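Colleague:
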Amino acid sequence: MPSQTLETDRHMLVTIACLSDNYAFLLQDKKSGEVALIDVPEAAPIKAELAARGWNLDQIWLTHHHYDHVDGLPNLLPDYPARVYGAAADAHRLPDLDVQLSEGDRFSLGDTEVEVLDVSGHTVGHIAFYAPAAKAAFTADSLMALGCGRLFEGTPDQMHASLTKMAAWPDDTLICSGHEYTASNAKFALSVDPDNAALQDRAAQIAEIRAQGGFTVPSTLELERATNPFLRSHDPQIRSALGMLAAEDKEVFAELRGRKDRF
Ligand code: ZN
Ligand code: FE
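Below you can see the structure in the form of structure tokens.
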């Protein structure tokens, strides 16, 4: 299954499989017809999707500088010369940007307003794009389906603060994250939260979807809050499993992230 589409009155959201386990996304504002691409792991599957739909590309939003999110850009831009958006803080190590963004900035895709959040942790300079009218957030390797990104550059406190910001979006926000990691994430989540019935259900669904080659991304924030251990540092059952009943949330988060690294 090379792509998967969700459609509402005002938007089309296309999830595109790239490389071995990456996702890129296309968001179309239907009224204006404007299209944004979120991350460019590789050009070929994205070009194929755009061609099949007869879409032009207006904007490219980059979440962070890692190769598996930007490397397709040089092969894409000659055919689809869109404006490239990315973090001002990372402009020195991102491809050439047309628009440099920082926490709190807003811009538009047609009639769709987009908010920028600094979600540092996986890298320092990682940003997320939140489009409330599309009920969609593009979180790449910060908040991930049933997980969160490894801390290559940031501290546990930074990632915890980033996740806390994202956890404030509405329940029905689609979490469009950067990788298909949920099957392995589920094993870790169950190891620290074994009695969580919602998590058990989700793990079973993930196994079923993956057995058929389907996508487990995007998810919803409601599901993440109920099952993602990295959003559940406050949870008494997780705290008791870790022997950290009296610790601060960010300390529990740091312990969870450390355990996942060693899992
Ligand atoms: Zn990354
Ligand atoms: Fe990545």
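Numbering (this note's numbering), first residue to last: 4 to 266.
Glycine included, C-beta positions come from ideal geometry on N, C-alpha and C.
This structure is a prediction, so every number in the text was calculated from the model and none was measured.
(1) Measure the beta-carbon distance from Leu-29 to Leu-40 and round it to whole angstroms, keeping in mind my assumption that it falls under 8 angstroms.
(2) Where do the ends of the beta strand (DSSP E) carrying Met-15 lie?
(3) For Ala-1, which residues of its own chain have a beta-carbon under 6 angstroms away from its beta-carbon, when the five flanking residues on both sides are left out?
(4) The ligand FE and Gly-181: does any heavy atom of the ligand fall closer than 7 angstroms to the residue's C-beta?
(5) Give the secondary structure of Thr-219 by DSSP, where H, G and I count as helix, E and B as strand, and everything else as coil.
(6) Return the bridge partner residues of Gly-89 from the DSSP annotation.
(7) What do you get for Gln-31, buried or exposed, if any count of 16 or more other CB atoms within 10 angstroms of its CB means buried?
(8) Going by beta-carbon coordinates alone, are Ile-87 and Asp-101 separated by less than 8 angstroms?
(9) Quick one: give me the first and last residue of the alpha helix (DSSP H) that Asp-121 is part of.
(10) Can you name, in chain order, every residue of its own chain whose Cβ lies under 6 angstroms from the Cβ of Phe-132, other than the five neighbours on each side?
(11) In chain order, what residues of the same chain lie with their CB nearer than 6 angstroms to the CB of Glu-37, ignoring the 5 residues before and after it?
(12) In the stretch 34 to 80, which residue ranges form an unbroken beta strand (DSSP E) of at least 3 residues, counting only runs that do not cross its ends?
(13) Which of the three DSSP states, helix, strand or coil, is assigned to Asn-188?
(14) Where does Gln-161 land, buried or exposed, given buried means 16+ other C-beta within 10 angstroms?
(15) Let me see if you follow: with CB-CB separation under 8 angstroms, is Ala-192 close to chain E or not?
(16) How is the alpha helix (DSSP H) around Ser-165 delimited, first residue to last?
(17) Give me the residue from Leu-149, Ala-164 and Ser-145 with the minimum Cα distance to Phe-155.
(18) Can you confirm whether the stretch 172 to 180 touches the stretch 242 to 254 when touching is taken to mean that 3 or more C-beta pairs between the two stretches lie within less than 8 angstroms?
(19) Can you tell which of Thr-66, Leu-79, His-129 and Val-73 has its C-alpha closest to the C-alpha of Ala-54?
(20) Going along the chain, which residues of its own chain have a beta-carbon closer than 7 angstroms to the beta-carbon of Glu-52, five neighbours each way excluded?
(21) Any heavy atom of the ligand ZN closer than 7 angstroms to the Cβ of Gly-113?
(22) So does Gly-152 have its beta carbon nearer than 7 angstroms to some heavy atom of the ligand ZN?
(23) Hey, would you say the C-beta of His-14 is under 7 angstroms away from at least one heavy atom of the ligand FE?
(24) Alpha carbons only, please: which of Lys-138, Pro-98, His-67 and Leu-259 is nearest the one belonging to Val-127?
(25) Quick check: the stretch 226 to 236 against the stretch 184 to 201, are there 3 or more CB pairs under 8 angstroms?
(26) Give me every residue whose Cβ sits closer than 5 angstroms to any heavy atom of the ligand ZN, in chain order.
(27) Measure the Cβ-Cβ separation of Leu-149 and Ala-192 and say whether it is below 8 angstroms.
(28) Rounded C-beta distance between Tyr-26 and Glu-211? I'm assuming under 8 angstroms.
Modeller: Taking the geometry as given:
(1) Contact flag correct, Cβ pair sits at about 6 angstroms.
(2) Taken as a continuous stretch (DSSP letters only), the beta strand (DSSP E) holding Met-15 covers 14 to 21.
(3) With the chain represented from 4 up to 266, any question about residue 1 goes unanswered, as that position is not in the structure.
(4) In this structure, Gly-181 has its beta carbon less than 7 angstroms from a heavy atom of the ligand FE.
(5) Assigned with DSSP and collapsed to three states, Thr-219 falls in coil, not helix or strand.
(6) Beta-bridge pairing links Gly-89 to Gln-103.
(7) So Gln-31 counts as buried.
(8) Residue identity check: residue 87 is Val in the sequence provided, not Ile. Cβ distance < 8 angstroms, so Val-87 and Asp-101 count as in contact.
(9) Annotation for Asp-121: no alpha helix (DSSP H) segment contains it, though the beta strand (DSSP E) segment containing it runs 115 to 121.
(10) Correct list, in chain order: Trp-64, Val-117 and Phe-141.
(11) Excluding residues within five positions, the ones whose Cβ falls inside 6 angstroms are Asp-61, Leu-112 and Gly-113.
(12) Within the stretch 34 to 80, the runs of beta strand (DSSP E) that reach at least 3 residues and sit entirely inside it are, in chain order, 37 to 41 and 62 to 64.
(13) Under the three-state reduction of DSSP, Asn-188 is assigned to helix.
(14) Counting other Cβ atoms within 10 Å of its Cβ, Gln-161 reaches 16 or more and is therefore classed as buried.
(15) Included in the structure is just one protein chain, with no chain E present.
(16) If you look at Ser-165, you'll find it in the alpha helix (DSSP H) that goes 159 to 169.
(17) Measuring C-alpha to C-alpha distances from Phe-155 to each of Leu-149, Ala-164 and Ser-145 identifies Ser-145 as the nearest.
(18) Taking 8 angstroms as the limit for Cβ pairs, the verdict is that the stretch 172 to 180 does not touch the stretch 242 to 254.
(19) Taking each of Thr-66, Leu-79, His-129 and Val-73 in turn and checking the Cα distance to Ala-54, the smallest one comes out for Leu-79.
(20) Excluding residues within five positions, the ones whose Cβ falls inside 7 angstroms are Ser-6, Val-17, Ile-19 and Leu-29.
(21) It does not: the Cβ of Gly-113 is nowhere closer than 7 angstroms to a heavy atom of the ligand ZN.
(22) Yes.
(23) Here the distance from the Cβ of His-14 to the nearest heavy atom of the ligand FE is not below 7 angstroms.
(24) When only C-alpha atoms are compared, the closest one is His-67.
(25) They touch, by the three-pair rule.
(26) Close to the ligand ZN, as judged by a C-beta nearer than 5 angstroms to any of its heavy atoms, are the residues His-69 and Asp-144, in chain order.
(27) It is a contact, given that the beta carbons lie within the stated cut-off.
(28) Between Tyr-26 and Glu-211 a beta carbon distance of about 19 angstroms is seen, past the 8 angstroms cut, so the two are scored as non-contacting.
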